[in-house]
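> Read the sequence shown against this note's numbering and you will find it ends at 182, with the numbers running on by one and no gaps.
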Amino acid sequence: MIGIPFIIIKDGNYYNYFLFIGLILILIGVGWDFTSHGQKELLTIIKKHSSQRMEVLLKLLEKYSISISDKESISLLIEEAKEKKNSNNPFIEVKKSMKIFTLLVVPLITLIVGKFSAKLTIKDSLPLLLVAIFICGIIMMISPFLEDIVYWDKKYYDYLIDDLRQILIFNNKFKEEK
Numbered sequence: 005m006i007g008i009p010f011i012i013i014k015d016g017n018y019y020n021y022f023l024f025i026g027l028i029l030i031l032i033g034v035g036w037d038f039t040s041h042g043q044k045e046l047l048t049i050i051k052k053h054s055s056q057r058m059e060v061l062l063k064l065l066e067k068y069s070i071s072i073s074d075k076e077s078i079s080l081l082i083e084e085a086k087e088k089k090n091s092n093n094p095f096i097e098v099k100k101s102m103k104i105f106t107l108l109v110v111p112l113i114t115l116i117v118g119k120f121s122a123k124l125t126i127k128d129s130l131p132l133l134l135v136a137i138f139i140c141g142i143i144m145m146i147s148p149f150l151e152d153i154v155y156w157d158k159k160y161y162d163y164l165i166d167d168l169r170q171i172l173i174f175n176n177k178f179k180e181e182k
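Here it is as structure tokens:
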């Protein structure tokens with residue numbers, strides 16, 4: 005998959021079209037995230053699920069005899085949820101090894117590309133640079149989805165922490181609802 009752009013550059017055909025289409029797709033993806041239309045669609049769904057989660061959390065706190073006005077216990081629950089979230093994160097080890105990877109491999113790749121591109125003219129190396137930027141952009145766009153797939157329960161820890169914080173902040177409101 006990664007070699008496809010280099011084959012296109014080697015043949016000298018269609019690489020401008022490839023880069024143009026890739027750039028357009030990236031801009032459309034980024035633009036969709038920032039539109040109010042996309043956010044409005046999600047807002048109703050988020051509100052519905054947020055209130056359902058809050059009801060379940062209030063029932064659990066009541067079941068285990070934790071008062072919503074007991075800020076110390078709720079703060080301890082928040083800290084425990086943060087610890088569990090971090091201990092269950094499979095990417096902590098990957099992030100540590102990526103630091104070593106960047107220290108060792110990036111200079112090596114830079115050296116190899118420098119030797120390779122020394123023989124190329126600016127006209128020939130510019131498309132190579134654009135393809136490299138495009139590939140990095142694709143990887144950056146895909147990596148959050150990969151994290152959501154592999155570490156799928158992260159969002160549930162975040163929901164729990166967020167809901168517990170809301171109870172700390174708005175506990176008078178929840179007392180009135182009971």
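Glycine included, every Cβ here is placed at the ideal spot set by N, Cα and C.
Let me check understanding here. Comparing Cα to Cα, which of S71, R169, Q56, I142 lies closest to I30?
Among S71, R169, Q56, I142, the Cα nearest to that of I30 belongs to I142.
> Is any heavy atom of the ligand NAD found at a distance shorter than 7 angstroms from the C-beta of V117?
In the structure shown, the ligand NAD is absent, as is every other ligand, since no ligand is present at all.
> Classify A85 as buried or exposed, calling it buried when 16 or more other Cβ atoms lie within 10 Å of its own Cβ.
Buried is the call here.
> I'd like the span of the alpha helix (DSSP H) that includes D167, first residue to last.
That run of the alpha helix (DSSP H) goes 158-173.
> Does the count of Cβ pairs from the segment 54-72 and the segment 156-172 closer than 8 angstroms reach three?
With the cut-off at 8 angstroms, the segment 54-72 and the segment 156-172 touch.
> Cutting at 6 angstroms between CB atoms, please list the residues of its own chain near L81, excluding the five before and the five after it.
Same-chain partners within the cutoff: L168.
> Could you check whether G33 and M145 sit closer than 8 angstroms to each other, using their CB atoms as the reference points?
Yes, Cβ-Cβ distance for M145 and G33 is below 8 angstroms.
> Taking just the CA atoms, how far does F22 sit from I139?
Between I139 and F22, the C-alpha separation is close to 12 angstroms.
> Y161 and P94: beta carbons closer than 8 angstroms?
Their beta carbons are not under 8 angstroms apart, which means Y161 does not touch P94 by this criterion.
> Check whether the Cβ atoms of I72 and N175 lie closer than 8 angstroms to each other.
Result yes, Cβ atoms of I72 and N175 sit closer than 8 angstroms.
> Apart from the five residues just before and just after S77, which ones in its own chain have a Cβ nearer than 6 angstroms to its Cβ?
Excluding sequence neighbours, S77 sits near I70.
> Out of curiosity, what's the CA-to-CA distance linking G118 and P111?
G118 and P111: Cα-Cα distance of roughly 10 angstroms.
> Over the uninterrupted alpha helix (DSSP H) stretch that includes K88, give me the two end residues.
Its alpha helix (DSSP H) spans residues 75-91.
> DSSP state of K100, grouped into three classes?
It is helical.
> Whole angstroms are fine: how far does the CA of D74 sit from the CA of Y68?
When rounded, the distance between both Cα atoms is 13 angstroms.
> Quick one: using the 10 Å Cβ neighbour count with 16 as the cut-off for buried, is D98 buried or exposed?
A small fix is needed here, since residue 98 is Val in this sequence, not Asp. Burial call: exposed.
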